[in-house]
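Per this note's numbering, the sequence shown starts with residue 696, numbered consecutively.
All C-beta atoms in this analysis are idealised placements derived from N, C-alpha and C, irrespective of residue type, glycine included.
First the structure, in the form of structure tokens, and then the observations on it.
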Amino acid sequence: MKIDLSVIVPAYNEEKHIERTVRKAVEFLRENCYSFEVLVIDDGSSDGTLQKSEALRGDYPELKVLRHAINQGKGEAVKTGILQAARAYCLLMDADNSTDISELLKLQEKVTKECPVVVATRYSPGSHIVHPQPLLRRWLGTGYRFLCRFLFKIRGSDFNCGFKIYRTDIAKEVFAKVKMKDWSYDVEVFCRLKRMGVSVAEVPVEWTHFDKPSHASPFVTAYRTFRSLWILKRVLEQS
Numbered sequence: 696m697k698i699d700l701s702v703i704v705p706a707y708n709e710e711k712h713i714e715r716t717v718r719k720a721v722e723f724l725r726e727n728c729y730s731f732e733v734l735v736i737d738d739g740s741s742d743g744t745l746q747k748s749e750a751l752r753g754d755y756p757e758l759k760v761l762r763h764a765i766n767q768g769k770g771e772a773v774k775t776g777i778l779q780a781a782r783a784y785c786l787l788m789d790a791d792n793s794t795d796i797s798e799l800l801k802l803q804e805k806v807t808k809e810c811p812v813v814v815a816t817r818y819s820p821g822s823h824i825v826h827p828q829p830l831l832r833r834w835l836g837t838g839y840r841f842l843c844r845f846l847f848k849i850r851g852s853d854f855n856c857g858f859k860i861y862r863t864d865i866a867k868e869v870f871a872k873v874k875m876k877d878w879s880y881d882v883e884v885f886c887r888l889k890r891m892g893v894s895v896a897e898v899p900v901e902w903t904h905f906d907k908p909s910h911a912s913p914f915v916t917a918y919r920t921f922r923s924l925w926i927l928k929r930v931l932e933q934s
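What follows is the structure, given as structure tokens:
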């Protein structure tokens, strides 16, 4: 089955990866005869992400580049892409290609009218992590997933893997309601899909961590995590 696809790539300071990711995505989709568009959403990058993305448009007419004048957060970048998507399905993927575009073949097998959302997971049997995150980040991630399940009563082994397929009408409906602009948007989406009665399937994938500079200490990261989830809990209670 070949699905009509909008590929959405949120990008913030990804000049080292964006060209390779876009080229791999477009060439793969062309070779496999997909009908598609690729939307790169530059979220106010301060490096050459925008310039490198726009330079690719001459080679790839399927590519559209959108830009936020200032950095608003990954959730808002994804929302911008979803609301601009023009194809029947949306594929979300990270700008560093941490989950390779070829994993699409696994996810699309699960997409049906009864299950219009399929998410990649790094943590279920059959998944494979080629290069893992540093140990401290793995510990924080484990705690984060436990906290999400406890606070929001949602299921899932992996809320934040950036590789997901949505039926576009479902995606537009849910993202129109999303309030969180940072990385916690994923959990909000899971919660809203649950409220809507939308079935979500998980598919194990191969995933690679790419090191990126971070100036935030683990303690600051933990604080921001608790703060975002607390805000999200209040948002959901009020909606």
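Sixteen is the threshold: when 16 or more other Cβ atoms of the shown chains lie within 10 Å of the Cβ of K774, as they do, the residue is buried.
In the pairwise beta carbon analysis, the region 823-833 is classified as not touching the region 851-867: fewer than three pairs are separated by under 8 Å.
In the DSSP assignment, R862 forms a beta bridge with Y784. Taking the CA atoms as reference points, E809 sits about 7 Å from S894. Between S879 and L927 a beta carbon distance of about 5 Å is seen, short of the 8 Å cut, so the two are scored as contacting. Note on S730: under 16 other CB atoms within 10 angstroms of its CB, so exposed under the neighbour-count rule. Going by beta carbons, G743 and N766 fall outside the 7 Å limit. The Cβ-Cβ distance between E757 and V733 falls below 7 Å. The residues Y729, F731, R782, Y784 and L786, in chain order, have a CB closer than 6 Å to that of L700 in the same chain once the five nearest residues on each side in sequence are set aside. Three or more beta-carbon pairs separated by less than 8 Å are not found between the region 912-923 and the region 802-816, which leaves the two stretches without contact.
Where D737 is concerned, the enclosing beta strand (DSSP E) starts and stops at F731 to D738. Classified as buried, L724 has 16 or more neighbouring CB atoms from the shown chains inside 10 Å of its CB. A distance below 7 Å separates the beta carbons of V760 and V735. In the three-state reduction of the DSSP assignment, R762 falls in the strand class, which pools E and B.
The beta-carbon distance between K859 and A790, rounded to whole angstroms, is 15 Å. This is too long to meet the 8 Å contact definition. Distance between D881 and K769, taken at the CA atoms: about 10 Å. Linking V704 to K747 through their CA atoms gives a straight-line distance of about 14 Å. A distance of 7 Å or more separates the beta carbons of M875 and E868. Contact annotation: T920 and Y818 have beta-carbon atoms that are not nearer than 7 Å. Relative to the Cα of I777, the nearest Cα in the group I865, V900 and F885 belongs to I865. Sequence-distant partners of C856 (beyond 5 residues in either direction) whose C-beta falls short of 8 Å from its own C-beta, in its chain, are T794, V814, A815, T816, R817, V900 and W902.
Ranking G753, N792, A720 and V812 by CA distance to the CA of A896 puts V812 first. For the set A764, G821 and H826, the Cα lying nearest the Cα of N792 is the one of H826.
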